[in-house]
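Student:
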Amino acid sequence: MTTTTTSPEELIDEFKKSGEFDRLRRELLTQFQHSERMASLQSRVEDIARQLLATDGDLIQQSQDAIYRELMGEIDRYPILERAVAEAPLLSETAFAETIRSSVQRILDENRPSQGAQ
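Using the numbering used here, you'd call the opening residue of the sequence shown number 53 and step up by one each time.
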């Protein structure tokens, strides 16, 4: 690479351009989809939808978009998604953090100006 990373924003951009961000995101999503946390999240969303339909009988007669907006607004009131993400074990694993560290270090090393060019 010919550019020098000089700010955190540029480092983030380079991290994303390297493909590492997408790889880690896919890994986290796959792990989450195959975990008990996913089943728990789905169950909680279903409970919220049932409660919403039970308290607002007119909702079922609205358009799908209106139902979706209402349901998403109700889900946003509860920190269920944030809680599910925060409980992700992969985020706290040392190997996962080390993978990120080594990727960032590689980007910094690739963007470091050569010794002769000052």
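For glycine and all other residues, C-beta sits at the position ideal for the given N, C-alpha and C.
1. Mind checking E88: buried by the 16 CB within 10 Å criterion, or exposed?
2. For P131, which of helix, strand or coil comes out of DSSP?
3. Please report the residue range of the alpha helix (DSSP H) in which T146 lies.
4. For the stretch 88-106 against the stretch 121-132, do three or more pairs of beta-carbon atoms, one drawn from each stretch, fall closer than 8 angstroms, so that the two count as touching?
5. Assign E150 to buried or exposed, taking buried as 16 or more other Cβ atoms, counted over all protein chains shown, within 10 Å of its Cβ.
Tutor: In terms of the structure at hand:
1. exposed
2. coil
3. T146 to N163
4. yes
5. exposed
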